[in-house]
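**Student:** Questions regarding the structure given below will be posed in turn.
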DNA sequence: AACTCGGGGCA
DNA sequence: TGCCCAGAGTT
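In the UniProt record's numbering, the protein residues as written are 1 to 216.
Here it is in structure tokens:
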């Protein structure tokens, strides 16, 4: 598929540097930050974790907190009741079963409370340098609009993107597609006029005949 | 497949 | 002000 290569080329040229926006000093901090980042901005997460990691540094520190205590400290990130419970459970598992170290294995990570496919892949990539390609809602939306994947699940899109993107560049592409999805290829009212790959967009073609659908 | 969680971001 | 999320879990 030559057009896919062309899309990759154009996006790479248009968005040369795409770096992670979450702040972290070690795999554990990253894991907590990514759990907190669900349905929340990285800016808000950074603000929250900066204060949080000042006082609580290890899985053992978090495992000792009550849900109410932690919930109060992570309120700014939303979904605090779920997240605080997940984080405490996860920290207990990490300290009891993994000797206080974040596992670097996908299945072990995904089995942790509050950790799904996307979170596990972000941790593997950013903390352990593994060639995963995390698919969040932005990556999913962009990949489908551009016809980079015909899959209708994040997992299928992930597989197609992994086949398409070089091992050493998957982390970069995760952030590049997120950046593109937030700034240009937005869920609502995308800025198609300033899109460098609009000629390849399946959504624009479809919209000529059908009604606009947000995520397609 | 649909629903819940929730403060922040944005029209 | 109201609507929608830089997901994951439960039913």
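Cβ atoms here follow ideal geometry from the backbone N, Cα and C, with glycine treated the same way. These numbers were taken from a predicted model, which means no experiment stands behind them.
Compute the Euclidean distance between the alpha carbons of residue 96 and residue 186, then round it to the nearest angstrom.
**Tutor:** As a working note, residue 96 is residue 96 in the first chain. As a working note, residue 186 is residue 186 in the first chain. Approximately 42 Å, taken between the alpha carbons.
**Student:** So, with DSSP's three-state summary, where would you put residue 165?
**Tutor:** Here the question's residue 165 lines up with position 165 in the first chain. Looking at residue 165 - three-state DSSP - the assignment turns out to be coil, as it is neither helix nor strand.
**Student:** Can you check which of these residues, 71, 190, 18, 76, is closest to residue 87 by C-alpha distance?
**Tutor:** In the first chain, the residue the question calls residue 87 occupies position 87. Of the candidates 71, 190, 18, 76, the one whose C-alpha sits nearest the C-alpha of residue 87 is 71.
**Student:** Can you tell me whether residue 140 is buried or exposed? The criterion is at least 16 other CB atoms within 10 Å of its CB, across all chains shown.
**Tutor:** Taking the first chain and counting its residues from 1, the one referred to as residue 140 is at position 140. Label assigned to residue 140: buried.
**Student:** With a cut-off of 8 Å, do at least 3 Cβ pairs link the segment 44-53 to the segment 127-147?
**Tutor:** no
**Student:** Whole angstroms are fine: how far does the CA of residue 195 sit from the CA of residue 94?
**Tutor:** In the first chain, the residue the question calls residue 94 occupies position 94. In the first chain, the residue the question calls residue 195 occupies position 195. Each residue's Cα considered, the two are about 44 Å apart.
**Student:** State the start and end residues of the unbroken alpha helix (DSSP H) segment that holds residue 61.
**Tutor:** Here residue 61 refers to the residue found at position 61 when the first chain is read from its first residue. Here the alpha helix (DSSP H) through residue 61 covers 59-63.
**Student:** Sort 90, 22, 102, 164 by Cα distance to residue 131 and report the nearest one.
**Tutor:** The residue labelled residue 131 in the question sits at position 131 within the first chain. Ranking 90, 22, 102, 164 by Cα distance to residue 131 puts 164 first.
**Student:** In whole angstroms, what is the alpha-carbon distance linking residue 5 and residue 40?
**Tutor:** Counting from 1 along the first chain, the entry for residue 5 is found at position 5. Counting from 1 along the first chain, the entry for residue 40 is found at position 40. Using only the alpha carbons, I get a separation of about 32 Å.
**Student:** Please list the segments of the alpha helix (DSSP H) lying wholly inside the segment 141-192, counting only runs of 4 or more residues, in order along the chain.
**Tutor:** 154-164, 170-183
**Student:** If we ignore side chains and look at the alpha-carbon of each, how far apart do residue 36 and residue 180 end up?
**Tutor:** Counting from 1 along the first chain, the entry for residue 36 is found at position 36. Counting from 1 along the first chain, the entry for residue 180 is found at position 180. So the two alpha carbons sit approximately 22 Å from each other.
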